[in-house]
Every structure is written in structure tokens, then in C-alpha cells.
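Sequences listed follow chains A and B, in order. Taking my numbering, the leading residue of the first sequence gets -11, the next gets one more, and so forth. Taking my numbering, the leading residue of the second sequence gets 4, the next gets one more, and so forth. Ideal Cβ positions, reconstructed from N, Cα and C, are used throughout, including at glycine.
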Amino acid sequence: MDALTRRRMLMLAPLGLAAAAGGGFWGLLMRMQQGTYDPHTLPSMLVGKKLPSFSLPGQPPSSGFSSTDITAGGRPALVNFFASWCIPCIQEAPTLAQLREQQVPIWGIAYKDTIPATAGFLQQNGDPYVRVARDQGGQVAIDFGVYGVPETYLVDKDGVVRLRWAGGLSDDIVRDTLLPMLKSLA
Amino acid sequence: MSPELGHFALALAVAIAAAQAVLPLAGAHHRDARLMAAAPALAIGQLLALATSFGCLVWSAVIDDFSVFDVAENSSTNEPLIYKITGTWGNHEGSILLWCLILACCGAAVAAFGRNLPSALRARVIGVLGLVSAGFLLYALTVSNPFLRVWPPPLDGRNINPLLQDPGLAMHPPVLYAGYVGFAIPFAFAVAALIEGRVDAAWGRWVRPWALGAWCLLTSGIALGSWWAYYELGWGGFWFWDPVENASLLPWLTGTALLHSAIVVEKRDALKTWTVLLAIGTFSLSLCGTFMVRSGLLNSVHAFASDPTRGVFILVLLALVIGGSLLLFGLRAPQLAPSGVFAPISREGALVLNNVLLCSVAAVVFTGTLYPPFAALVFGATLSVGPPYFHLTVVPLLVPLFLAMSVGPVLPWKRADLLPGVLRLWWAAALAALVGIAAEAGLRNAFAAAGFAAATWLIVGAFAELTERVRLFRIPLAATWGRATAQPLAVWGAAIAHAGMGVTVAGIAGMALSASTIVSMHPGQAISFGGYDWALTGIHSQPGSNYTARVADLLVTRNGKQVALFHPSRRNFAREQQTISDTAIQTNLVRDLYTVMGDERDGQVVLRLHVNILAPWIWLGALIMAIGGALSLADRRLRVGAPARRRALLPVRVSSWTR
């Protein structure tokens, strides 16, 4: 390849990159319109599988918990990843509080956050959790395949993940999806 | 009546824009002087038509014409007049029309101030702007028409999103859009140069003022947005790495790179292809910024204006604009004369480093913003991106960038030795180290200490070049003053803009020292926090124009002396069933006292109290950067644009005096 051809190829590279990006966007939009792509219901490798085993330190005053603690109750439970720096987490707080009132056990994992910030978050937005653990390094989140916070996993009484919800929970989702699933699993 | 007039004016603008796209480009191709001469008139004509159209939309909102769908959705009779007006661009249709109006202003600005450009280049620039205009106007006219009617009209409108009922956000979109769209002019210059097949030093000199102007507006726009997030969202932070914020940061980063690489084109006739690519890339990122917000592809707090169905039209439009210009770049750029080689240690070498680092930061932010949806598409896999990712990846890139920011300006052009340049900065480095060590010893916060050291280095280093030029303390002060006033404004502008960055860095470092607490208090209770005594004197209700508020009265004292009286409130907008916290902030430029009211329970109220150190400096620094840019711009206009006209005016003025 001579110098000019190489130069030509190089100068066409930005177009190639932009075309690839554009094609990707196009694919996303098409799937969004067909309703097959919804950023909230990302497919999870975990659905239908055992939840990853982990053991995390607690957010004082709560003590930490491990994956076996979640299934120890013998009934379905929710695992909720949240962070104080996340705005959708504030928006879903009232919904979580309602779930708490309906006696649904929710295990909270504070994702990449500091103790004072998490404490402030819980104080302001309420603490609906059975216990709150801290995933400072984000390792457990990686095991779960967390896409962003907030994210909620429905785990049945055998410790199998049944549902993954990426993004904030709303009353609609709880009424239409979460509660029916919880009822059928109980 | 006026909606029809606006609709007609919009259609007229589409037609004029089409003519503006075709006639000058054809004229420049065939060297037809008359067709080329039509360009300025068409550009100004398009602006007049669009201004009429936009004026009609605003008027419909002012007179509460709820038969217009856009007004019915985003306004109501009991809203204050200012929000009726700003509501017209607080929604999708209106904001696109505003976007087009600003683009038309760009075309008209080139028509009005570009008289010293070669006529073919000017015709092509205006033609390219017309082409972009025509596409987006067609979008506005066909799928995003703000003048659609509803029948029967509702008795009252649905009101604007309460979060948007704020003077800061009222001004934010026009300024931000002006910054976004302003980069259309460098883009048009780049495309015109590619069509002509010639990029030279003169091109660099013409394109730089426009890039600078857009950059100043974008800087102010981003700062306004960040400031709004700080006081209106009531969350105490100033930057959330939200996709919409990142979308505005990306063109700023590449635009800053463009600003600096254009200097190299102007002074050294090098880096030409790269500068052209940056000009195309910056505008492309601006377009993507608008697109990402509008399509709802990225969910965020700003998602109120999202609509996926229109995404397809926009995507095709983007493919044409971005793909077309990059195709032209791929075909034409190899023929541009390859730029000369130069020494790595030189002013232009430092500017290249600046470009590499700025573009790396942009790439990192771009990846962090777009990777989650793309990973989901390509691998079906998932990953987490949040502030931790950005802090981990951006900060290491900023360190060399800040180092180079002070070293670059003291290096001479062509070939330099690093040592003499660095020796001229020894006192800046010493001062920075001193501040860093003192801060670490006093504050015990490594991040803040490093931040203050970097800020000192940037602020002092920014003026190192200037002190050398004015020979500070080496000649009498009066002579120094004389030299200082004789320096070109561009030198002052650059120093001030770099110092502005330092001020912003100091503000961010200060924020790391901030303290906050959440307390539940009952009236009459007082607590001590952050060196202040905070007493809740009462809670009361207060009606507003279209909301009712619960207001907490908070008296802050220090050593028994009153510091501030705060009235943070929670506004309940009954119609939207939305509650918004209205923060109360008092600043003395060194620290912000920041209060947010939370829920009330059993006669107690939850209050969030912040003592934010140096917080105002973040936006002050951005403002200083924009002022530095504007100073530099003033200089450029004197040297490049105006002289021709000044000389023409001079004899007339002299003769009138002599008479």
C-alpha cells in the first residue's frame, strides 16, 4: 500500500466509525419502536439461575449480609442496588417504602458509596431495607451484572433469580409485574 | 390568526433555506458572481422569516391561545408571563424551532460580518449553513410542527413542568443552544474548505473568531445548567455525569481543542486536516447532543422532552449531515497539502498535546455515556457506569492537561527548549507546591490539597507569560503598566481564560471539603453544625401564583451574630401533583450556606443543611473563561474583521469635522 492510499484509508476512518455508531443507533431505535428494546427490561444472564454468592460488610448500624441470608427466610425477596448519587433512586424510594409496608423483604446494597453519604440518603428517603450492605468496590455488582443504579432483583425462596428490573421501580411496575410474580412464587 | 402566520413563515423559511443551500453553492461552483451575491440576502431573509415564525409562537403563548397544541400542553392562564414565554422553548417542538432560529442567526451573522471573506468561500459557507437549516426546518415543519391546532381548544393549558419554572432554566436553553449551534459556523467553514480543496493560514484566521464565539456561549450555557442543577434540584452537587450533561460537555471538549488547533493553522499553517476534522466532529457532537436528549434513548432526569418516533427522522438527518461531511472529508482531505513537521517541544507541540488530552477526555466521557446502551445491543451484556467511572478515568487525564496548560504558553513557536520555559515557571510551581502542602497539612484531604495546588499552578501560571512580556519588577512599574496596556487583548484573553479554569478547579476542590447533614427539627429547636448555629423559628404555609408552599424559617447565627435568615420551601403544584423543593442559599463567595426542606412529620420537619466551601467559584471560573474568550474575540475583530470597514468610514468622519 503506498502512502497516498494509506492516507486515504486513514481519512475515511472517521466516516467508518460514524457509520458504525449510526447503524447501532438505528438498531436500537428500531427495536425500541417494535417494543423489543426497553432500556429497563434488559435481558439478564442471571434470570433462572442461582444468585451469585457473596458476603458484604454492613452499612452501620445495619450488619452486613451474604447471599445465604437472603434465602434463609424461606420466601421470595428483593435485592435492591442503590446509591446516594443516583436520582432515580430517590424517585423509587416511596415505592420501596410501600413494598416494605406490604411485608416484602428488601435487601439493600449501597453501590460504590461512602458511609456518610449512604446514611444521609437513608435518613432523607427512608430505610425500607431488611439490612443494608456496602458494595464499595462494585465487585458484587459486577457478579450480578448491574447495568446502573437503581436495579432490583427478585429472588425466589430457593435463591433463583426470577426477575431483574434495571432503573427505578414505580407503582405501576409493582402492581402489574412485581406483586403478581411475588404472589405466584409465595 | 397568528399561528397561521407563524406556520406560513415557517414554510417560507424552509423554501428560503432550500434556495440558500442551492443557489450560492451552484454559484460558487460555476463562478457565477450574481448567484454568489444572493447568499447574504437569502441568509438574512431566512432569519426574518424564522424570527416572525418564532415571534408568532411566543405571542400565541402570551395571549393564552390554547387552540395551539404546543401552548395547551405547556402553558396555562395562571402562569407568570415570563414562564409563558420561556415555556415555548421548554418543550420539544418549540426548542427545535429555537434551534433553527439560532442556526438562521448564524447564517445571517456570516452574511453580515463576513464581508472580508473571499466571495466564493462566503457563498459556500452560507450555502452549507442553508443546507443544514433546510433539513432541520423540514423536520420542524413536517413531524414536529409547533403550530398544530386542537379543536375544541381546552379551557386551560396543562402548565409547564414545575422544575422548569425557574429564571435560571429559562435562560439556560437559549444560551446552551447558541453554543451548540454556533459550532455550525466552523463546521460550514470546514465543509466549504473541503469543497474548495484549500485550507490555509487565512482560513484558520477566519474560522477562529466564530469557534471562539460559540465556545464562549457554550461555556456559559454549561455553567448555567450546572448552576441550575445545584440550586434547583436541591441535591447539593453541581455535576452529576448525567447523559444530558455529558452531551453538552463533549462538544465543549472538542470545541476547546478546535480553538487551540486553529491557532496552529493560523500561525504555523500546520494541523490543517486535523482542525477540519475537529470542526466537523464538534458540530456532529452538538447535533448528537440535541438528538440524544430528544430521542429518549438515554433516560435521565431531563427526559421530559423525549419522543422516540421522531428519532428516525432525526437519525436520517444526522446521517446525512455527519455522514455527508465525513464522506467529503474522506474524499478531499487526502489531497490537502500535508502539514509540515515540527519539533515536539514547541508551542505547537504543546497545543498538539492539549488536543490529544482534550480529545482523550472527550473519548472517555463519550464511552461512559454511550457504552451502557451499546453493550446491551451488541453483547446483550450489562455494565455499570456512574460518577465512580468518570472520576477514575477523567482525573488522571486532567493532571497532564493542567500541567501543559501553564507550560504551553511560555514555549516559543517552532523550536524550543523545555528547560528555559519551565525555569520561567519555577515560582508558579513553588507556589503551587506550597499551597498544596499547606492545604494537606491544614485540611487533611489529599484530593482538595491536590486541587488547590493545581488551581494555584493554573492561575499563577496563566500570568507567567504576561509577567514576562511586561517585565514585571524588572523595569519601573509605570513602564510595566504601559507594556501591559499595549499587549494584544488576545494575550490577556488567553491568560484570563486559563486562570478561569484554575478558579473552577479551586471551586471543585473546595466542594470536596464541604459538609452536609440531615436533621429533623421542630420549631423552636436549634442545632450547631459546620461552625454555625441553625435555629428553626417556624413553619408556615404560603400561597404562590400556581402552587402552594410550606416554608421553613431558619435563623443562622455565628457567635451570636445573625448570618442569614433562610426560607427553604416545598412547593406543591396541585395540577401536576408534583412537589418541588425550593432551596435557600446564602453565599459570601467563600462558602455557600445551602438549605433544603424535606418532609414534615409529627410537627417536625426534615432539613438538609450544607456548608459548601468555594462553591460559587465553579461557575465564577466558567464565567471568567467566557470573559477571557470574549476579550480575545474583541481583539480578533479589531485585527481581522473591522479594519477594512474602519478605514472606509474614516474619511467621511474627518470631512464632517473639517466642515
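Query: Start and end residues, alpha helix (DSSP H) containing A/L142; Result: Where A/L142 is concerned, there is no enclosing alpha helix (DSSP H), although the beta strand (DSSP E) it sits in stretches over E139 to V143.
Query: Buried or exposed by the 16-neighbour rule on C-beta atoms within 10 Å, applied to B/S303; Result: At B/S303, the pLDDT of 37 sits below 50, so the modelled position is not reliable; the number obtained from the coordinates is stated separately. Buried, since its Cβ has 16 or more Cβ neighbours within 10 Å.
Query: CA-to-CA distance, A/P116 to A/I97, given in whole angstroms; Result: 12 Å
Query: Contact with chain A by B/I325, beta-carbon distance below 7 Å; Result: yes
Query: In DSSP terms, what B/S543 is bridged to; Result: Contrary to the premise, residue 543 of chain B reads as His rather than Ser in this sequence. Partner(s): B/V554.
Query: Alpha-carbon spacing of B/A123 relative to B/W429, whole angstroms; Result: 50 Å
Query: B/A143 and B/P43 closer than 7 Å at C-beta; Result: no
Query: Cβ contact (3+ pairs, closer than 8 Å) linking the region 120 to 135 of chain B and the region 38 to 58 of chain B; Result: yes
Query: Terminal residues of the beta strand (DSSP E) in which B/N575 lies; Result: S572 to F576
Query: Selection from B/N77, B/Y183, B/M408 and B/L38 that minimises the alpha carbon distance to B/G505; Result: B/M408
Query: Cβ pair A/I103, A/N68 closer than 7 Å; Result: no
Query: B/G613 (DSSP reduced to helix, strand or coil); Result: Note that residue 613 of chain B is His in the sequence shown, not Gly. B/H613 falls in the strand class under three-state DSSP.
Query: Where B/L592 falls: helix, strand or coil (DSSP); Result: coil
Query: B/F316, DSSP secondary structure in three states; Result: helix
Query: CA-to-CA distance, A/K37 to A/L66, given in whole angstroms; Result: 15 Å
Query: Beta-carbon proximity list for B/G496, same chain, < 6 Å, skipping 5 on both sides; Result: G631, L634 and S635
Query: Per DSSP, cross-strand counterpart(s) of A/R(-4); Result: According to DSSP, which records beta bridges pairwise, A/R(-4) is partnered with nothing at all.
Query: Residues near B/P664 in its chain [Cβ-Cβ closer than 8 Å; skip 5 each side]; Result: What the structure shows of chain B is the stretch from 4 to 662, and residue 664 of chain B is not part of that stretch, so it cannot be assessed.
Query: Terminal residues of the beta strand (DSSP E) in which A/G96 lies; Result: I94 to Y99
Query: Which of helix, strand or coil DSSP assigns to A/W153; Result: strand
Query: Below-7 Å beta-carbon distance, B/G333 vs any chain A residue; Result: yes
Query: Whether B/A217 touches B/G185 by CB criterion (7 Å); Result: yes
Query: With 16 other Cβ atoms within 10 Å as the buried cut-off, status of A/L(-2); Result: exposed
Query: Alpha-carbon to alpha-carbon, B/N562 and B/G239; Result: 26 Å
Query: Partners in chain A for B/A336, counting only beta-carbon separations shorter than 8 Å; Result: M(-1)
Query: Cutoff 7 Å: A/P116 Cβ touching any chain B Cβ; Result: no
Query: Neighbourhood of B/F332 by C-beta distance below 7 Å, restricted to the same chain and skipping five residues each side; Result: L197, V279, L280 and I283
Query: Under 7 Å (Cβ pairs) to chain A, residues found in the region 200 to 223 of chain B; Result: none
Query: Beta carbon of B/A431 nearer than 7 Å to that of B/V410; Result: no
Query: Contacts of B/L330 in chain A (Cβ-Cβ under 9 Å); Result: L0 and L3
Query: Interface residues of the region 137 to 148 of chain A facing chain B [CB-CB below 8 Å]; Result: V137
Query: Minimum Cβ-Cβ distance from B/L356 to chain A less than 7 Å; Result: no
Query: Contact residues within the region 84 to 118 of chain A, judged by C-beta distance below 7 Å to chain B; Result: K100, G108, Q111 and Q112
Query: Interface flag, B/L134 vs chain A, CB-CB below 7 Å; Result: no
Query: Any C-beta of chain A under 7 Å from that of B/G534; Result: no
Query: Where B/H613 falls, given that 16 or more other Cβ within 10 Å makes a residue buried; Result: buried
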